[in-house]
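**Student:**
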Amino acid sequence: MKRQNIRTLSLIVCTLTYLLVGAAVFDALETENEILQRKLVQRVREKLKTKYNMSNADYEILEATIVKSVPHKAGYQWKFSGERMNTFAAKLLRFIRRAAGKQPIVTSSDLIIFCTGWGGLLIFGGI
C-alpha cells in the first residue's frame, strides 16, 4: 500500500476508535443519571394521577398537550437582547400614547408593528 493510503486508513481507524470509546464513557457516566430521572418522572406522574384523580387516558392527553406546547425546533423564543428591545419598544409606545392623551396600554400587535417598522428603517436606512 502507498504511504498516503496507510495514513488515511489509520486516521479512519483512530477516529472510529475514539468515537466508540467516547460513546462507552458517555454511556457509563450517564446511565445511572438517566435511570434516576426516569424514576423521578414516574413518581411525579403517579403523584399527579393520585392527587387529581386522573385516569391513564387523561394523563396521556395532558402530557401530549404539554409536549405540543413546547417549541422544540424553534427553541425558546426570548433571548436577552430580544427582551431588551421588546421592553424598550413597549416603554416608548406607552410614552407616545400617554403624550397623545390615549390609554398607555400596549398590545402585542402594537409591538409587532412598531418593531417591524423600526427594524425596517434600520435595515433599509443603513444605520
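Numbered by mature numbering (1 follows the signal peptide of the UniProt record, and there is no 0), the letters in the sequence shown go through residues -23 to -1, 1 to 104 in order. Glycine included, every Cβ here is placed at the ideal spot set by N, Cα and C. Bear in mind the structure is a predicted one, so any value in this text is a computation, not a measurement.
1. What's the C-alpha gap between D4 and K16?
2. Indicate the three-state DSSP secondary structure (helix, strand or coil) for T84 in the structure shown.
3. With a threshold of 16 other CB atoms inside 10 Å of the CB of L(-13), please say whether the residue is buried or exposed.
4. Look at the Cβ atom of L88, then the Cβ atom of A66, and state whether they are nearer than 7 Å.
5. Around the C-beta of L(-8), are 16 or more other C-beta atoms found within 10 angstroms, so that it is buried, or is it exposed?
6. Go through its chain and collect everything with a Cβ distance to L74's Cβ below 8 Å, but skip five positions before and after it.
**Tutor:** In brief:
1. Numbered from 1 along the sequence shown, position 27 holds the residue referred to as residue 4. Numbered from 1 along the sequence shown, position 39 holds the residue referred to as residue 16. Rounded to the nearest angstrom, the two C-alpha atoms are 18 Å apart.
2. Here residue 84 is taken as the residue at index 107 of the sequence shown, counted from 1. Residue state, collapsed to three classes: coil.
3. Position 11 of the sequence shown holds residue -13. Exposed: under 16 other Cβ atoms inside 10 Å.
4. As a working mapping, residue 88 is identified with position 111 in the sequence shown. As a working mapping, residue 66 is identified with position 89 in the sequence shown. For the 7 Å CB-CB criterion, L88 and A66 form a contact.
5. Numbered from 1 along the sequence shown, position 16 holds the residue referred to as residue -8. Classification of L(-8): exposed, given that the 10 Å Cβ count is below 16.
6. Sequence index remark: in the sequence shown, residue 74 carries index 97 (1-based). Reading off the sequence, residue 74 comes out as Arg, not Leu. Contacts found: Q80, P81, I82, V83.
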